[in-house]
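Residue numbers (the UniProt record's numbering): 1 to 183.
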């Protein structure tokens, strides 16, 4: 195997799951594997142009392909709704399922308080671990604009999470008692 093939293999093995996860949130589920395959086909053709830190570049390609090739399907459901639809078997069978569902619902409700651009900024940095400069390239905006989106998104997310009731600290609702009087 030559160096180009070895580099592509490392890219694919290292980043396939990240790219697929990014794509599946933006296109119809049945199209996600095709779009992800297209991303890596482009990476193979342009292997010499792929930067050393490849994830931001790959996500930028994925975003462009999702928008161009599958734009209508990608806009049918927003990013937050797609996140809400992701549930693993572990989620379904967790012992603390009720707490998990409440926490998940609170997080999704908080994300719904953000604009789509703010959600994208928060997920690119928090979920994918990109630096603001890298994430700005993926988002297709300047670093300054991205930083503003990220700051606003984090601030609004924190406010929304603070406003969410915490089931662990809420007092239980009072029970009504039926008192029977003796005749």
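Ideal Cβ placement from N, Cα and C applies to all residues, glycine included.
Note on residue 108: under 16 other CB atoms within 10 angstroms of its CB, so exposed under the neighbour-count rule.
Three or more Cβ pairs closer than 8 Å define a contact, and the region 128–139 meets that threshold against the region 56–67. Judged by their CB atoms, residue 111 and residue 160 are nearer to each other than the 9 Å cut-off. Take the alpha-carbon of residue 154 and the one of residue 132: they are about 13 Å apart. Secondary structure at residue 22: helix, using DSSP grouped into helix, strand and coil. Rounded to the nearest whole angstrom, the CA to CA distance from residue 1 to residue 139 is 35 Å. Boundaries of the alpha helix (DSSP H) around residue 121: 116–126. Residue 40 has its alpha-carbon roughly 11 Å from the corresponding atom of residue 50.
Per the coordinates, the alpha-carbon of residue 137 lies some 16 Å from the alpha-carbon of residue 119. Assigned with DSSP and collapsed to three states, residue 55 falls in helix.
The straight-line gap separating the alpha-carbon atoms of residue 9 and residue 162 is approximately 44 Å. Put simply, the backbone Cα of residue 15 is about 14 Å away from that of residue 42.
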